[in-house]
Amino acid sequence: MRAGRALWTWVAACAAGAGLVLLAAGRDWVTVTYGTRAVPVSATELAPALAPAAWAGLAAVVAVLATGGVWRRVVGVVMALCGAGVIAAAVTGGRPGAGLAAAAEHAPLVAAADAVQVAAPLLWPVLAGVGGLTLLAGGVAATLWGGHWPGMSERYERRGRETPVRAGAAGSERAMWDAIDLGADPTVDHADPRQDGH
């Protein structure tokens, strides 16, 4: 029970981290104003790797739920790399001068203007960095401790092993049909021992 709680806490934290990255990736990080014109610069221009890395992190969350053993550790490493990539992109995109350079590509007059104002709130780069740090920590956690967490495949395998036994014990028509649905043959696996004396 404790391992299951740890798994779902991890899922919630990683999903929240990826959500923060996606939120920051959809915003304008910088606004450059010269004269009467304002040039917004989006996160897509400053840090294009944010959204793909966040989606890859969400896919890794699902993959951890569906895998186990060595593959779960491999997925954990991939998630950690996604988190590190997000952090690097947030630092690069949020550095001073990045927004001004990007705005100059769209509006060449920015570079020649006498009075240029650059509004670059740190909220979105910081949120992206926090989300990336969460994904990095989640990937490390999955790599180190993911082997102790339960998986979906284990649940289905356990149901497959237990249901035919219950079907034979109950002997009811409903239980026999459940066993057949799972691929078992109740007439073979649980044959009447009185028929073996011939």
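Here my numbering is used: the first residue of the sequence shown is -11, the next is one more, and so on. Positions of the beta carbon are idealized from the N, C-alpha and C atoms, including for glycine.
Query raised in the report: Hey, would you say Val74 sits closer than 8 Å to Gly120, going by beta carbons?
Result: For this step, residue 74 is matched to residue 86 along the sequence shown. For this step, residue 120 is matched to residue 132 along the sequence shown. Yes, Cβ-Cβ distance for Val74 and Gly120 is below 8 Å.
Requested in this report: Could you please give me the residues that DSSP links to Pro28 through a beta bridge?
Outcome: Locating residue 28 in the sequence shown gives position 40, where the first residue counts as 1. Pro28 is bridged to Thr19.
Report task. Might you give, ordered along the chain, the residues of its own chain that have their beta carbon closer than 8 Å to the beta carbon of Val79, omitting 5 neighbours on each side? Result -> In the sequence shown, the residue the question calls residue 79 occupies position 91. Around Val79: Pro113 and Gly117.
Query - Boundaries (first-last residue) of the alpha helix (DSSP H) holding Pro113 - result: Here residue 113 corresponds to residue number 125 of the sequence shown, with the count starting at 1. Bounds of the alpha helix (DSSP H) holding Pro113 are Leu111 to Trp133.
Requested in this report: Count the other C-beta atoms from every protein chain shown that fall within 10 angstroms of the C-beta of Val20, then say buried if there are 16 or more, exposed otherwise.
Outcome: Translated into the one-based positions of the sequence shown, residue 20 becomes position 32. Classification for Val20: buried.
**Report entry** alpha helix (DSSP H) segment containing Leu10, residue limits
**Finding:** Within the sequence shown, the letter at position 22 stands for residue 10. Its alpha helix (DSSP H) spans residues Arg(-10) to Ala13.
Requested in this report: Go ahead and label Arg61 buried or exposed: buried means 16 or more other beta carbons lie within 10 angstroms of its beta carbon, across all protein chains shown.
Outcome: Here residue 61 corresponds to residue number 73 of the sequence shown, with the count starting at 1. By the neighbour-count rule (16 or more Cβ atoms within 10 Å), Arg61 is buried.
Query raised in the report: What number of angstroms, rounded off, separates the C-alpha of Ala51 from the C-alpha of Ala39?
Result: Locating residue 51 in the sequence shown gives position 63, counting from the first residue. Locating residue 39 in the sequence shown gives position 51, counting from the first residue. Cα to Cα, the separation comes out at about 18 Å.
Query raised in the report: Between the C-alpha atoms of Ala31 and Gly7, what's the straight-line distance to the nearest angstrom?
Result: Position 43 of the sequence shown holds residue 31. Position 19 of the sequence shown holds residue 7. About 15 Å.
Requested in this report: Taking Thr55 as part of the alpha helix (DSSP H), name the residues at either end of that continuous run.
Outcome: Within the sequence shown, the letter at position 67 stands for residue 55. Element bounds for Thr55: n/a, residue is neither H nor E.
Query raised in the report: Ordered along the chain, which non-local residues of its own chain (more than five positions away) have a Cβ less than 7 Å from that of Asp16?
Result: Position 28 of the sequence shown, counting from 1, holds the residue named residue 16. For Asp16, same chain residues with a beta-carbon under 7 Å away, outside a window of 5 residues either side, are Pro28, Val29 and Ser30 in chain order.
Report task. Within its chain, find whatever has a CB closer than 6 Å to the CB of Gly82; leave out the 5 residues flanking it on each side and keep chain order. Result -> Numbered from 1 along the sequence shown, position 94 holds the residue referred to as residue 82. Around Gly82: Pro113.
Query raised in the report: Under 8 Å, do Gly14 and Gly45 count as touching if we go by C-beta distance?
Result: Walking along the sequence shown from the start, residue 14 turns up at place 26. Walking along the sequence shown from the start, residue 45 turns up at place 57. No, Cβ-Cβ distance for Gly14 and Gly45 is not below 8 Å.
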